[in-house]
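Chemist:
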Amino acid sequence: MGITREMLTGNASVAWGVRLANVDYIPTYPITPQTEIIETLARWISDGVMDASFVSLDSEHSMITAAGAASATGVRVFTATSSQGLLYGFEMLYTVAGWRAPLVMVNVSRGLSAPITLEPDHNDILAARDSGFLQIHCETCQEVLDSILMAYRLAEDERVLLPIFVNMDGFHLSFTREPVNIPDRDEVRRFLPPYQPKHAFFKASQPMAQGLAVIGGSSYSYFKYQMHLASMKALDIYKEVSQEFEEIFGRRYNTIEGYMIDDAEYILIMSNSFSTLGKAAVEKARENGMKAGLLKLRLLRPFPEADIKEVLKGKKVVAILDQNISVGKGGILYSEIAGALFNEKEMPLLLSFIGGLGGKNISPQEFEFIFDSMIKAGGTRKVEAPRLLYTEGEWKDMERLKTMAGKK
């Protein structure tokens, strides 16, 4: 086939990754903004250019159940969802992970209701961080396609055998067209050969840490901890997969990505597609003489704690920009990074910002506010409570709407 370069949406990039991975079974249920993925796959299967079993089910709960059951028999499985759909099938995430079913599932992030929105934030995918699914988060359409292939290699590794989420932002990436290199099919086969399970759940020939019905806390603890050990082992396996991917395709994806970070004193931490806005803000800060850098989180489960610690060593101030909110607590990633750094002797000053909820734009002025706050805090060593990024204009708009609502 040869390498081709096309303008693809994030959703189309997912579909191409699934097609190149030679997936066997695709259980589906539509939800905005991921429906384009399954529509594209359905069309390819109908046209005969892709050989897979495509099934539409009655709900996300049934979809995830079918995906896990099929994967447990030893076939390569893909499915996708978003937002409320992910929550509807949430019960089965823990079940499928407990089955050690190495399927790949895309989540197209969308804010959770109420109120209702179609725009992205990360409360949907981060709600699943303790389920046993690994999580890869993507900034670009190229990352999305490549991550599908890497996810299957990682999930199906006998030292891991856990399901994986590949996450991207709805609308901001799912429907955004970017130039994407579609890999050569033969090179994909070198990197991702057909799945040949030796420990499929329903036909296991050797003992493995898998449990279906367990009575008693001792056995339950054993199986859960085996899942944890496999997830932590995936950190090393991911690095092996990343290195081989680079050798074949020339692109490398580490657990985290640094941007202008080597000599930086002030670090902004972000994830997913809004990281592109953050990089532009870092460039602007550099033009103004500030030693700024950005750290993008790519692998969130397992959490790459050691890699984060190494990058942040010796930095002055770190601002974590959470595109989520744990109601009653604050930013989720801020808490995780603060926990990871807690026992470090030279821990940088940590600041918490919450922005982009429901897809709200993060303006250049708001990034300037973050960087100004970092400089100020670096001098005073005073840390304020988590701050919501919200412009004066947006506040005035809300006040006006409240006034209008009161007049009715």
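By the numbering used here, the letter at position 139 of the sequence shown is numbered 121, and the numbering carries on one by one without gaps.
Beta carbons are placed, not taken as given, at the ideal position from N, Cα and C, and that holds for glycine.
Note that the coordinates shown come from a computational prediction; the quantities given were computed from them, not determined experimentally.
Look at the alpha carbon of S200 and the alpha carbon of V78, and state the distance between them as a whole number of angstroms.
Modeler: 21 angstroms
Chemist: Hey, which unbroken runs of the beta strand (DSSP E) at 3 residues or more fall wholly within the stretch 268 to 339?
Modeler: Complete beta strand (DSSP E) runs here, min 3: 274 to 279, 281 to 283, 299 to 304 and 331 to 336.
Chemist: Measuring alpha carbon to alpha carbon, tell me which residue in W81, D304, W(-2) and Y177 is nearest P145.
Modeler: With distances taken between Cα atoms, P145 lies closest to W81.
Chemist: Inspect the CB distances between the stretch 142 to 159 and the stretch -12 to 3 and report whether three or more fall short of 8 angstroms.
Modeler: yes
Chemist: Using DSSP with H/G/I as helix, E/B as strand and the rest coil, what is R25?
Modeler: helix
Chemist: If I follow the unbroken alpha helix (DSSP H) through T362, where does it start and stop?
Modeler: T362: member of the alpha helix (DSSP H) spanning P346 to T362, first to last residue.
Chemist: How would you label L143, buried or exposed, when you count the other beta carbons within 10 angstroms and need 16 or more for buried?
Modeler: buried
Chemist: Determine which residues share a DSSP beta bridge with Y7 and list them.
Modeler: According to DSSP, Y7 bridges with S35 and V59.
Chemist: Label G67 either buried or exposed according to how many other C-beta atoms from any shown protein chain fall within 10 Å of its C-beta, with 16 as the threshold for buried.
Modeler: buried
Chemist: Ignore the nearest five residues each way along the sequence and tell me which others in I319's own chain have a CB closer than 6 angstroms to its CB.
Modeler: I302
Chemist: What does DSSP give as the partner residue(s) for Q225 in the beta ladder?
Modeler: Paired residue(s): none; Q225 is not in a bridge.
Chemist: Measure the Cβ-Cβ separation of Y248 and V299 and say whether it is below 8 angstroms.
Modeler: Here Y248 is near V299, since their CB atoms are less than 8 angstroms apart.
Chemist: Count the other CB atoms, across all protein chains shown, that sit within 10 Å of the CB of R363; report buried if there are 16 or more and exposed otherwise.
Modeler: exposed
Chemist: Run the CB neighbour count on F60, radius 10 Å, all protein chains shown included, and call it buried at 16 or more, exposed below.
Modeler: buried
Chemist: Under DSSP, the beta strand (DSSP E) around H119 begins and ends at which residues?
Modeler: H119 -> beta strand (DSSP E) spans L116 to H119.
Chemist: Can you tell me whether DSSP reads Y241 as helix, strand or coil?
Modeler: strand
Chemist: Taking 8 angstroms as the threshold (C-beta atoms), are S257 and K278 in contact?
Modeler: Yes, these two residues count as a Cβ contact at 8 angstroms.
Chemist: So the candidates are G337, M356, D168 and N325; which of them puts its Cα closest to the Cα of E366?
Modeler: Looking only at G337, M356, D168 and N325, the smallest Cα-Cα distance to E366 is reached by M356.
Chemist: Assuming Q347 contacts T373 (C-beta within less than 8 angstroms), just tell me the rounded distance between them.
Modeler: Indeed, because the Cβ distance is near 7 angstroms, the residues count as touching under 8 angstroms.
Chemist: Identify the residues that DSSP records as bridge partners of D151: which are they?
Modeler: D151 is bridged to S91.
Chemist: Between the stretch 7 to 23 and the stretch 46 to 65, can you find at least three pairs of beta-carbon atoms closer than 8 angstroms?
Modeler: yes
Chemist: Is N105 helix, strand or coil by DSSP?
Modeler: helix
Chemist: Measuring CB to CB, does L75 end up less than 8 angstroms from I118?
Modeler: no
Chemist: Would you kindly check if the distance between the Cβ of L100 and the Cβ of R283 is under 8 angstroms?
Modeler: no
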